[in-house]
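Report on one structure; see the data block that follows.
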Amino acid sequence: MERITLLSKREIEKMRVAGKLAAQLLDHLGPMVKAGVSTLELDKEAERWTKAHGAKSAPLGYQPEGLPPFPKSICTSVNEVVCHGIPNKKQVLKNGDIINIDVTLIVDGYHGDTSKTFLIGEVSPLAKRLVEVTEKCRMLGIEQVKPGARIGDIGAAIQEYAHAEGFTVVENFVGHGISTVFHTAPQIPHYGKRGDGKKLREGMVFTIEPMINEGKLEVEILADEWTAVTQDRKLSAQFEHTIAVTATGYDILTLP
Ligand code: MF3
Ligand code: CO
Ligand code: CO
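Count along the sequence shown from 1, then add 293; that gives the number in the working numbering.
So this is what it looks like as structure tokens:
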């Protein structure tokens, strides 16, 4: 199994620079995320802003083994899209939609990975509750993080709350170690049992990025080989932060 890299304080500060810029990009896009904008326009502005700030988009051309290169700079996942939605000129946001925008920036070789789900105009009470529950799932997961806690504690906290709210937790995609590499060990499932899995140690850096579904947890991949949708085509929401394990707890590296 792949080893888990422990980052030095100096390396974590570099992660924070990238993470902060990624969070600022989400904030920058916020006012544009309105009915009438296409997901391609969001992508173009993200790419422009990223370059203007001397950073690089990690998704653009990213090609895990066996997949075609991801063709755009950000992921835009609307309504039933769970993750990895590809920005498209024809996809125009409309009143009542929810959209997750996931940005990953590389600054000086280090990655900052964060995402948030936006509400477009007036969304249904159910959609609003799903988005609020998902953001709270992320925080409940983060609050488990400290040396000696187990990876399973994170997923358990997320899953218990999501289920109590009548929602399901996607299992096909997980949080991940991140540093100079986009996706590395450890895997951080958003489900699981307390006390299971590896012990967390100071210097570990990984994402927590729960995808929570309105209906069933199963996902399907579309013909483009990237877009993941709920099998039942019900809604899915997601929030992501990049987190470092500190001596006493956690440090959120993707704050603006
Ligand atoms: N940012 C996503 C994550 O949270 C990964 C996107 S890979 C891409 O891990 F190629 F689709 F961009
Ligand atoms: Co991630
Ligand atoms: Co991400």
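Backbone N, C-alpha and C fix where the C-beta goes; we use that ideal spot for every residue, glycine too.
Model, not experiment: these values are computed from the prediction.
In the DSSP assignment, Val522 is bridged to Val374, Glu513.
Taking 7 Å as the cut-off, the C-beta of Glu533 counts as close to a heavy atom of ligand 3. Within the same chain, Val522, Thr523, Arg526, Lys527, Leu528, Ser529 come within 7 Å of Glu373 by CB-CB distance, once the 5 residues on both sides are set aside.
Per DSSP, reduced to three states, the secondary structure at Glu464 is coil, with no helix or strand assignment. Put simply, the stretch 431 to 451 touches the stretch 479 to 497. At least three CB pairs are less than 8 Å apart. Arg443 has Lys492 as its beta-bridge partners, per DSSP.
Here DSSP, grouped into helix, strand and coil, assigns Thr541 to coil. The beta carbons of Ile367 and Leu333 sit no closer together than 8 Å. His377 has its CB no nearer than 7 Å to any heavy atom of ligand 2.
Under the Cβ criterion (8 Å, minimum of three pairs), the stretch 504 to 520 counts as touching the stretch 462 to 480. Under DSSP, Tyr403 takes part in a beta bridge, and its partners are Val400. Assignment of Pro479 by DSSP, reduced to helix, strand and coil, places it in the strand class. Taking Asp406 as reference, the option from Glu507, Leu319, Val326, Ile413 with the minimal CA-CA separation is Leu319.
Val498 is bridged by DSSP to Ala537. Taking 8 Å as the cut-off, the beta carbon of Leu423 is found closer than this to the beta carbon of Glu507. Taking a C-beta distance under 8 Å as the contact criterion, Val330 and Phe411 do not qualify as a contact pair. The beta-carbon distance between Met308 and Leu548, rounded to whole angstroms, is 12 Å. This is too long to meet the 8 Å contact definition. Counted as a single uninterrupted DSSP element, the beta strand (DSSP E) harbouring Ala530 occupies residues 529 to 531. Judged by the Cβ position, Ser370 fails to qualify as a neighbour of ligand 3 at the 7 Å threshold, every heavy atom of the ligand being at least this far.
Using a Cβ distance threshold of 8 Å, Arg443 and Ile501 do not count as a contacting pair. Under the three-state reduction of DSSP output, Leu299 falls in the coil class, being neither helix nor strand. For Thr500, the distance from the CB to the nearest heavy atom of ligand 2 is below 7 Å.
Per the C-alpha coordinates, the member of Pro324, Lys387, Gly414, Met497 positioned closest to Lys439 is Met497.
In terms of CA proximity to Lys313, His534 leads the group Thr539, His534, Ala540, Val538. Comparing alpha-carbon positions, the option among Asn381, Ile394, Val385, Gly441 lying closest to Gly488 turns out to be Gly441.
If you look at Met432, you'll find it in the alpha helix (DSSP H) that goes 418 to 435. Within the stretch 306 to 378, complete alpha helix (DSSP H) segments of at least 4 residues are found at 332 to 345, given in chain order.
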